[in-house]
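*Asks:* Residues in the sequence shown are numbered from 12 upward in steps of one, following the numbering used here.
This is the structure, below, for whatever I ask next.
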Amino acid sequence: MEENRSRWQELYRSALLELDKDKLAVAIQAAQQAVHARLQNLQNNAPKDEKEVQALTDALHTLAVLSQELEK
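In structure tokens:
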């Protein structure tokens with residue numbers, strides 16, 4: 012389970028740091044998929060780590076904003 016936690020964080024960080032616009036869309040999508048997978052995993056297993064759930068929610072919001080900026 013720790014691997015799932017670090018995987019979404021790694022992909023999220025990569026998306027935030029990607030400078031190549033052609034690669035950024037792919038990085039955003041990969042990070043979003045990993046975040047959604049982690050949220051699903053947390054929903055299926057109680058008790059939930061509320062701090063991680065908040066971090067995941069924040070990450071999804073940031074990725075959405077980044078994606079919108081990319082489309083401009």
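Ideal Cβ placement from N, Cα and C applies to all residues, glycine included.
Mind the definition here: the region 19-32 touches the region 53-61 only if three or more C-beta pairs lie below 8 Å; say whether that holds.
*Replies:* The region 19-32, when compared against the region 53-61, does not touch it at the 8 Å Cβ threshold.
*Asks:* Enumerate in chain order the residues of its own chain whose CB-to-CB distance from Trp19 is below 6 Å, with the five nearest sequence positions on each side excluded.
*Replies:* Counting from one through the sequence shown, the residue named residue 19 turns up at place 8. Ala45, Val46 and Arg49.
*Asks:* Lys32 lies in the alpha helix (DSSP H); which residues open and close that run?
*Replies:* Numbered from 1 along the sequence shown, position 21 holds the residue referred to as residue 32. Lys32 to Asn55 is the span of the alpha helix (DSSP H), which, as asked, contains Lys32.
*Asks:* Going by C-alpha to C-alpha distance, which of Lys34, Leu30 and Ala38 sits closest to Glu21?
*Replies:* As a position in the sequence shown, residue 21 is number 10, starting the count at 1. The residue with the shortest Cα to Cα distance from Glu21 is Ala38.
*Asks:* Could you give the residue range of the alpha helix (DSSP H) that holds Lys83?
*Replies:* Working through the sequence shown from its first residue, we reach residue 83 at position 72. First-last for Lys83: undefined, no H or E at that position.
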